[in-house]
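> Going down the list, the protein sequences come from chains B and S. Heads up, the final residue of the first sequence is numbered 306 in the working numbering, and it's a clean run with no missing numbers. Heads up, the final residue of the second sequence is numbered 353 in the working numbering, and it's a clean run with no missing numbers. Positions of the beta carbon are idealized from the N, C-alpha and C atoms, including for glycine. Dropping the structure in here first, questions after.
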Amino acid sequence: MEAIEKIKEIAAQVVPGAKIEIINSTPAAQQPALLVDREHIYAVGKFLKEDPRFQMDFCSCVTGVDYLPKADKPGCIEVVYHLYSTTQKQGPIVLKVRAPRELEQCHVPSLTPLWRSCEFQEREAYDLYGVKFNGHPDLRRILMWDEFTDFPMRKDYTPPADYEWEPTPHDDTLDRAVQEGGIMPPTAREELERAKKK
Amino acid sequence: MAVDEGLKSELQKQGIFVLPFEQLYNWGRKSSIWPLQFGLACCAIEMIASAASRYDLARFGAEVFRATPRQADLMIVAGTVTKKMAPQVVRLYNQMPEPKYCIAMGACAISGGPFKDGYNVLKGIDRYIPVDVHIPGCPPRPEALIHAIMTLQRKIANQHLEKNQRPRWYDKNEASEYPIPSYGGHDLQPPANLEVWQPPRNYRDVTLDEVKKA
Numbered sequence: 109m110e111a112i113e114k115i116k117e118i119a120a121q122v123v124p125g126a127k128i129e130i131i132n133s134t135p136a137a138q139q140p141a142l143l144v145d146r147e148h149i150y151a152v153g154k155f156l157k158e159d160p161r162f163q164m165d166f167c168s169c170v171t172g173v174d175y176l177p178k179a180d181k182p183g184c185i186e187v188v189y190h191l192y193s194t195t196q197k198q199g200p201i202v203l204k205v206r207a208p209r210e211l212e213q214c215h216v217p218s219l220t221p222l223w224r225s226c227e228f229q230e231r232e233a234y235d236l237y238g239v240k241f242n243g244h245p246d247l248r249r250i251l252m253w254d255e256f257t258d259f260p261m262r263k264d265y266t267p268p269a270d271y272e273w274e275p276t277p278h279d280d281t282l283d284r285a286v287q288e289g290g291i292m293p294p295t296a297r298e299e300l301e302r303a304k305k306k
Numbered sequence: 140m141a142v143d144e145g146l147k148s149e150l151q152k153q154g155i156f157v158l159p160f161e162q163l164y165n166w167g168r169k170s171s172i173w174p175l176q177f178g179l180a181c182c183a184i185e186m187i188a189s190a191a192s193r194y195d196l197a198r199f200g201a202e203v204f205r206a207t208p209r210q211a212d213l214m215i216v217a218g219t220v221t222k223k224m225a226p227q228v229v230r231l232y233n234q235m236p237e238p239k240y241c242i243a244m245g246a247c248a249i250s251g252g253p254f255k256d257g258y259n260v261l262k263g264i265d266r267y268i269p270v271d272v273h274i275p276g277c278p279p280r281p282e283a284l285i286h287a288i289m290t291l292q293r294k295i296a297n298q299h300l301e302k303n304q305r306p307r308w309y310d311k312n313e314a315s316e317y318p319i320p321s322y323g324g325h326d327l328q329p330p331a332n333l334e335v336w337q338p339p340r341n342y343r344d345v346t347l348d349e350v351k352k353a
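So, in structure tokens, the structure goes:
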């Protein structure tokens with residue numbers, strides 16, 4: 109398969125106007141990804157699927173990533189597609205597309221019309237990250253119940269306030285127990301023995 | 140029962156058993172606990188192993204896993220109960236006829252286990268239905284499940300049929316159904332049935348009198 113730079117070049121020629129960027133995570137990943145703008149992700153996907161050089165006929169994985177806003181850049185929700193070719197036995201090509209974190213604007217085009225395997229996985233990404241897929245045939249929650257209103261894999265998700273004291277706390281429960289002064293208490297039996305001595 | 144022990148044993152040698160009806164009745168009940176055929180996660184694999192030939196739950200009369208709650212006496216909650224599944228579990232328990240029992244099998248079913256802090260996992264099925272035997276373990280070995288069944292058998296053997304001690308299900312007014320939680324925007328509503336479950340309390344707040352009473 110061609111190098112990622114070459115793929116980017118070819119895709120940019122075939123899909124005019126597409127803003128494609130190569131994303132190399134730090135440290136550099138084995139699989140650099142192509143970040144495509146929302147308007148052209150469908151065209152780039154279609155090209156990768158149909159072009160005889162690539163024939164990416166299989167989308168193995170769709171997932172979301174939540175980037176919180178930092179001081180120098182705004183946050184975003186990123187959707188990642190892993191594409192493979194079963195006919196040419198090559199891949200993956202990693203496609204990424206980003207959308208703003210605000211729920212009203214958080215939408216990207218669905219790639220389900222291209223790859224049928226995206227259907228459930230896009231539903232999962234919608235369920236957990238709240239990113240809407242325009243053109244998805246049946247976009248509803250898949251893991252959480254329909255009445256659920258939150259998107260639990262987002263980093264700013266707050267779980268229901270169901271703290272309760274437990275004898276062996278850890279993590280958040282431990283912090284909370286320390287705050288409330290309820291950590292390392294004398295056990296009930298010790299208390300009873302102390303009372304007996306008196 | 141005013142039967143001389145010596146006479147009783149002598150009669151037994153002749154194949155005549157003298158025993159209270161209650162004992163016979165409970166012997167029959169405890170020797171044919173039919174569990175509901177229902178598993179939620181990896182604990183179910185251990186439950187299946189217990190029922191298969193190596194551990195052979197049939198030795199305890201509990202091998203008849205019924206595929207309908209209408210014919211089941213025992214619900215083995217084997218595995219993680221997600222919040223999405225919890226209403227269905229309670230509904231199945233409601234659909235079982237009395238007398239019915241519940242074993243919470245494994246860390247998840249008794250407390251949420253490793254997923255306790257998760258947004259999607261119920262922190263123990265005892266929040267919605269009364270549990271007779273809790274088995275810790277992740278997952279518990281088949282021996283542990285067999286031990287739980289034997290514990291339940293002892294519990295059944297000790298239940299009385301007399302008027303003031305008779306079991307709950309003989310009272311027409313006692314509810315044998317438990318409220319099914321509904322799906323809320325953030326969590327199940329209500330998050331627990333406080334009639335069957337009370338939140339754990341800090342040791343600090345437990346008074347000496349309560350400890351003595353326990």
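(1) Would you call B:M292 buried or exposed, if buried means 16 or more other Cβ atoms sit within 10 Å of its Cβ?
(2) Flag S:K352 as yes if its beta-carbon sits less than 8 angstroms from any beta-carbon of chain B, otherwise no.
(3) Using a Cβ cut-off of 9 angstroms, which residues of the stretch 236-260 of chain B contact any Cβ in chain S, in chain order?
(4) Using a Cβ cut-off of 8 angstroms, pull out every chain B residue sitting near S:P330, in sequence order please.
(5) With a threshold of 16 other CB atoms inside 10 Å of the CB of S:G101, please say whether the residue is buried or exposed.
(6) Quick one: residues in its chain with C-beta nearer than 6 angstroms to the C-beta of B:V173, no 5 flanking neighbours on either side, listed in chain order?
(7) Report the option in S:V220, S:G245, S:Y164 whose CA atom is closest to the CA atom of S:R280.
(8) Quick one: does S:P338 have its CB under 8 angstroms from some CB of chain B?
(9) Between which two residues does the alpha helix (DSSP H) containing B:C226 stretch?
(10) In the stretch 221-247 of chain S, which residues sit with their C-beta less than 8 angstroms from some C-beta in chain B, listed in chain order?
(11) Alpha carbon to alpha carbon, how far is S:L196 from S:Y240?
(12) Go to B:L142, then tell me how far its beta strand (DSSP E) extends in each direction, as first and last residue.
(13) Give the straight-line distance between the Cα atoms of B:S168 and B:Q198, rounded to the nearest whole angstrom.
(14) Decide if S:D344 is buried, meaning its Cβ has at least 16 other Cβ atoms within 10 Å, or exposed.
(15) Can you look up S:P279 in the DSSP assignment and give me helix, strand or coil?
(16) CA-CA distance, B:K178 and B:K263?
(17) I need the straight-line Cα distance from B:Q138 to B:P245, nearest angstrom please.
(18) Could you give the distance in angstroms between the alpha-carbon of S:I285 and the alpha-carbon of B:C226?
(19) If I follow the unbroken beta strand (DSSP E) through B:V188, where does it start and stop?
(20) Work out the CA separation of S:N341 and B:P294 for me, nearest whole Å.
(21) How would you write the range of the alpha helix (DSSP H) that S:R168 sits in, first residue to last?
(22) If S:V229 and S:P320 are in contact, beta carbons under 8 angstroms, what's the gap, nearest whole angstrom?
(23) Decide if S:N303 is buried, meaning its Cβ has at least 16 other Cβ atoms within 10 Å, or exposed.
(24) Nearest chain S C-beta to B:E232 closer than 8 angstroms, yes or no?
(25) Just checking my contact of B:T171 with S:H325 at CB under 8 angstroms: how many whole Å lie between their CB atoms?
(26) Quick check: the Cα distance between B:V202 and B:L219, rounded to an integer number of angstroms?
(27) Which residues in chain S have a C-beta closer than 8 angstroms to the C-beta of B:D283? List them in chain order.
(28) Let's test the definition: count the other Cβ atoms within 10 Å of the Cβ of S:S189 and tell me whether it reaches 16, buried, or not, exposed.
(29) If I follow the unbroken alpha helix (DSSP H) through B:C169, where does it start and stop?
(30) Could you name each continuous beta strand (DSSP E) segment of 3 residues or more that falls completely within the stretch 239-297 of chain S, going from the start of the chain to the end?
(31) I'd like to know whether the C-beta of B:D174 is nearer than 8 angstroms to at least one C-beta of chain S.
(32) Using three-state DSSP, classify S:K302 as helix, strand or coil.
(33) Listing by chain order, which chain S residues have their CB less than 8 angstroms from the CB of B:D280?
This is what the structure gives:
(1) Position 184 of the first sequence, counted from the first residue, corresponds to residue 292 of chain B. A caution first: B:M292 carries a pLDDT of 47, below 50, which makes its placement in the model unreliable, though a value can still be read off. By the 10 Å Cβ count, B:M292 comes out exposed.
(2) By 1-based counting over the second sequence, the position of residue 352 of chain S is 213. Closer than 8 angstroms: no.
(3) L251, M252, W253, D254, E255, F256, T257, D258, P260
(4) Your numbering for residue 330 of chain S matches position 191 in the second sequence. Ordered by position in chain B, the residues that pass the 8 angstroms Cβ test against S:P330 are P268, D270.
(5) What the structure shows of chain S is the stretch from 140 to 353, and residue 101 of chain S is not part of that stretch, so it cannot be assessed.
(6) Reading the first sequence from its first residue, position 65 is the one you call residue 173 of chain B. Cβ within range, chain order: E186.
(7) The count along the second sequence starts at 1 and reaches residue 280 of chain S at position 141. Taking only the C-alpha atoms, the option nearest S:R280 is S:G245.
(8) What you label residue 338 of chain S is simply residue 199 of the second sequence in a count that begins at 1. Yes, S:P338 lies at the interface with chain B (some Cβ there is under 8 angstroms from its Cβ).
(9) Stepping through the first sequence from its first residue, residue 226 of chain B is reached at position 118. Taken as a continuous stretch (DSSP letters only), the alpha helix (DSSP H) holding B:C226 covers 226-237.
(10) K222, K223
(11) By one-based count along the second sequence, residue 196 of chain S stands at place 57. By one-based count along the second sequence, residue 240 of chain S stands at place 101. Between the C-alpha atoms of S:L196 and S:Y240 there is a straight-line separation of about 17 angstroms.
(12) Translated into the one-based positions of the first sequence, residue 142 of chain B becomes position 34. Per DSSP, the unbroken beta strand (DSSP E) holding B:L142 starts and ends at 141-144.
(13) Walking along the first sequence from the start, residue 168 of chain B turns up at place 60. Walking along the first sequence from the start, residue 198 of chain B turns up at place 90. Those two C-alpha atoms are separated by around 13 angstroms.
(14) Mapped onto the second sequence, residue 344 of chain S falls at position 205. Classification of S:D344: exposed, given that the 10 Å Cβ count is below 16.
(15) Reading the second sequence from its first residue, position 140 is the one you call residue 279 of chain S. Looking at S:P279 - three-state DSSP - the assignment turns out to be coil, as it is neither helix nor strand.
(16) By one-based count along the first sequence, residue 178 of chain B stands at place 70. By one-based count along the first sequence, residue 263 of chain B stands at place 155. Distance between the alpha carbons of B:K178 and B:K263: 13 angstroms.
(17) By 1-based counting over the first sequence, the position of residue 138 of chain B is 30. By 1-based counting over the first sequence, the position of residue 245 of chain B is 137. Going from the Cα of B:Q138 to the Cα of B:P245 covers about 33 angstroms.
(18) The residue labelled residue 285 of chain S in the question sits at position 146 within the second sequence. The residue labelled residue 226 of chain B in the question sits at position 118 within the first sequence. A direct Cα-Cα distance of roughly 44 angstroms separates S:I285 from B:C226.
(19) In the first sequence, counting from the first residue as 1, residue 188 of chain B sits at position 80. B:V188 -> beta strand (DSSP E) spans 184-193.
(20) As a working note, residue 294 of chain B is residue 186 in the first sequence. As a working note, residue 341 of chain S is residue 202 in the second sequence. Confidence at B:P294 is low in this model, with a pLDDT of 46, below 50, so its placement is unreliable and the value that follows should be read with caution. Answer to the nearest angstrom: the Cα atoms are 10 angstroms apart.
(21) Here the question's residue 168 of chain S lines up with position 29 in the second sequence. It spans 160-169 - the alpha helix (DSSP H) in which S:R168 sits, taken as one unbroken run.
(22) Numbered from 1 along the second sequence, position 90 holds the residue referred to as residue 229 of chain S. Numbered from 1 along the second sequence, position 181 holds the residue referred to as residue 320 of chain S. Going by Cβ atoms, the distance from S:V229 to S:P320 rounds to 7 angstroms, so yes, they are a contact pair.
(23) Counting from 1 along the second sequence, the entry for residue 303 of chain S is found at position 164. It counts as exposed.
(24) Translated into the one-based positions of the first sequence, residue 232 of chain B becomes position 124. It does not: the Cβ of B:E232 has no partner Cβ on chain S nearer than 8 angstroms.
(25) Mapped onto the first sequence, residue 171 of chain B falls at position 63. Mapped onto the second sequence, residue 325 of chain S falls at position 186. About 24 angstroms; that fails the 8 angstroms criterion.
(26) Position 94 of the first sequence holds residue 202 of chain B. Position 111 of the first sequence holds residue 219 of chain B. Distance between the alpha carbons of B:V202 and B:L219: 14 angstroms.
(27) Counting from one through the first sequence, the residue named residue 283 of chain B turns up at place 175. None at all; the shortest Cβ gap to chain S is about 12 angstroms.
(28) Position 50 of the second sequence, counted from the start, is the residue given in the question as residue 189 of chain S. Buried, by the Cβ-count rule.
(29) In the first sequence, residue 169 of chain B corresponds to position 61, counting from 1. Bounds of any alpha helix (DSSP H) do not take in B:C169; it lies within the beta strand (DSSP E) bounded by 166-175.
(30) 240-244, 272-274
(31) One-based indexing of the first sequence puts residue 174 of chain B at position 66. Taking Cβ atoms only, chain S never reaches closer than 8 angstroms to B:D174, which makes this a no.
(32) Here residue 302 of chain S refers to the residue found at position 163 when the second sequence is read from its first residue. Coil, per DSSP.
(33) Counting from 1 along the first sequence, the entry for residue 280 of chain B is found at position 172. Per Cβ cutoff of 8 angstroms: D256.
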